[in-house]
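Below is one structure, written out as structure tokens, with a few remarks after it.
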DNA sequence: CGATCCTTTGATGGAGTTCAACGCCGGTGG
DNA sequence: CCACCGGCGTTGAACTCCATCAAAGGATCG
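Chains as they are written, first to last, in the working numbering: chain A, 1 to 217; chain B, 1 to 217.
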């Protein structure tokens, strides 16, 4: 992990223009290498994080090594809010990442408190909503439906035609509560039925939106 | 569903004494019969709810009828906060319930705003944490582990020796992403290994905490 | 005391896991 | 430049856990 002086953002999401400014002013910019840990499960949680570039995943381990991925955070997303006193999930860089980190306590002390509080509130609500969708997916969807839902979700976030999968099969599997083999089989299935088309194993485009939507249940 | 004038609470959780007062002053008390709907999935979400007595479950349906239970809310719990503009889960009375309902907008307009905002924030965080635990449970735990976790969770909430199961087997199954048959089998298993003991199918006590904890993974 | 609903138990089947081997690709070094 | 290597993804075969189907046992209500 390396620190850097807070330079201006190359990209900034529209709604959080001010937020970006304030966080840049108050916080520190850090870079993380692929698979490096941003914070640990059970670490104290006085910090707020914002993805400047790259992708972050949150994960949780069972004692015997089974792993669950909580969510993926992309450029502009706030994370690390899921808090009582301690983090329930650890956060790791999925690929090389730049992340803006701010102390909550220093946020509280600021004049811009309102703006930031609202941003944190909204990010928390988004997390909750996504967690609720995740619960439905894990509890009641079949493997095929899980994978279809996952691709749809990714595709509807990115606006481009060609969608990149920043994560590997193992991360997808651990997000969907499946094994890599099953994920792979379902992807093959979706390809052979021409619903999606893979340029490489890390990039695809949706061919039949209607079918994909129906398959996602 | 019936309305009632806001009388004083019989029971009030210690930390939210003021909250109770404020909600009672601003809101309406309603009663719901077993299985009656408190709010619907996709209904607009301008209200905050507090369980005065009884138990509420939140549920979500897939188009073909598969059902996922999001969570159970007991006396004193705030719910209905999981919001963008619309509810993602519907809420139903598990048994006959009394529920205090307050308009968010009227909360915002109040002087006690701070107190209430904090309570709403904390309830939302609790929801998020529980959802995250739920994700791990659904994604990576076996049937036996799910049921063990569920019983532990219930037992550690109630302070009494004998724990009541307010919900039926179907609700447990839909919470754990299982079928009633599997839930029943796992419960039987836990009984025959003397880990828990059922007085009736709605009441149990934990015999071997250590073992139950280990089984919960 | 019968009717209905909920729970338990049993037998069978299937979706997804596990185990194993192979293919593909990018990196590295001869 | 190509051969070798290691990591990642795919494919196949066997197995397992849980779902499904079916029926009986128990509780609650009129």
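Every residue, glycine too, gets a C-beta built ideally from N, C-alpha and C.
Within-8 Å CB hit, residue i to chain B
i, result
"residue 124 of chain A", "yes"
"residue 40 of chain A", "no"
"residue 63 of chain A", "yes"
"residue 82 of chain A", "yes"
"residue 14 of chain A", "In this prediction, residue 14 of chain A scores a pLDDT of 44, lower than 50, which makes its location untrustworthy; the coordinate-derived value is nonetheless stated afterwards. It does not: the Cβ of residue 14 of chain A has no partner Cβ on chain B nearer than 8 Å."
"residue 68 of chain A", "yes"
"residue 138 of chain A", "yes"
"residue 217 of chain A", "yes"
"residue 46 of chain A", "no"
Interface flag, residue i vs chain A, CB-CB below 8 Å
i, result
"residue 183 of chain B", "no"
"residue 157 of chain B", "no"
"residue 132 of chain B", "yes"
"residue 129 of chain B", "yes"
"residue 89 of chain B", "yes"
Simplified DSSP state of residue i, which is helix, strand or coil
i, result
"residue 66 of chain A", "coil"
"residue 41 of chain B", "coil"
"residue 74 of chain A", "coil"
"residue 22 of chain A", "helix"
"residue 127 of chain A", "helix"
"residue 89 of chain A", "coil"
"residue 153 of chain B", "helix"
"residue 160 of chain B", "coil"
"residue 59 of chain B", "strand"
Same chain, Cβ closer than 6 Å to residue i, neighbours up to 5 away in sequence not counted
i, result
"residue 180 of chain B", "169, 170 and 173"
"residue 9 of chain A", "Caution applies to residue 9 of chain A, whose pLDDT of 38 falls short of 50 and renders its modelled position unreliable; the model cannot decide the point."
"residue 186 of chain A", "143, 144 and 147"
"residue 194 of chain A", "207"
"residue 73 of chain A", "51, 56 and 79"
"residue 49 of chain B", "79, 80, 99 and 101"
"residue 161 of chain A", "205"
"residue 23 of chain B", "50, 100 and 102"
For residue i, the nearest candidate out of the options (CA to CA)
i, options, result
"residue 47 of chain B", "B/164, B/190 and B/87", "B/87"
"residue 184 of chain B", "B/28, B/143 and B/205", "B/143"
"residue 38 of chain A", "A/209, A/96 and A/25", "A/96"
"residue 51 of chain B", "B/60, B/194, B/80 and B/196", "B/80"
"residue 66 of chain A", "A/211, A/175 and A/161", "A/175"
"residue 103 of chain A", "A/209, A/182 and A/44", "A/44"
"residue 93 of chain A", "A/106, A/114 and A/71", "A/71"
"residue 68 of chain B", "B/209, B/134, B/202 and B/182", "B/134"
"residue 58 of chain B", "B/203, B/211 and B/127", "B/127"
"residue 85 of chain A", "B/84, B/122 and B/202", "B/122"
Inter-residue spacing [alpha-carbon to alpha-carbon] between residue i and residue j
i, j, result
"residue 200 of chain B", "residue 191 of chain B", "12 Å"
"residue 177 of chain A", "residue 35 of chain B", "31 Å"
"residue 119 of chain B", "residue 165 of chain B", "27 Å"
"residue 157 of chain B", "residue 214 of chain A", "40 Å"
"residue 130 of chain B", "residue 42 of chain A", "15 Å"
"residue 151 of chain A", "residue 197 of chain A", "11 Å"
"residue 53 of chain A", "residue 30 of chain A", "11 Å"
"residue 76 of chain A", "residue 63 of chain A", "32 Å"
"residue 61 of chain A", "residue 153 of chain A", "24 Å"
Close Cβ partners of residue i (< 8 Å) along its chain, the five nearest in sequence each way excluded
i, result
"residue 149 of chain B", "137, 141, 216 and 217"
"residue 40 of chain A", "87 and 90"
7 Å Cβ shell around residue i - same chain, five flanking residues per side excluded
i, result
"residue 7 of chain A", "Because residue 7 of chain A sits at a pLDDT of 40, beneath the cut-off of 50, its placement in the model cannot be relied upon, and the following sentence gives the value as read from the coordinates. Once the five neighbours on either side are set aside, residue 7 of chain A has no close Cβ partner at all."
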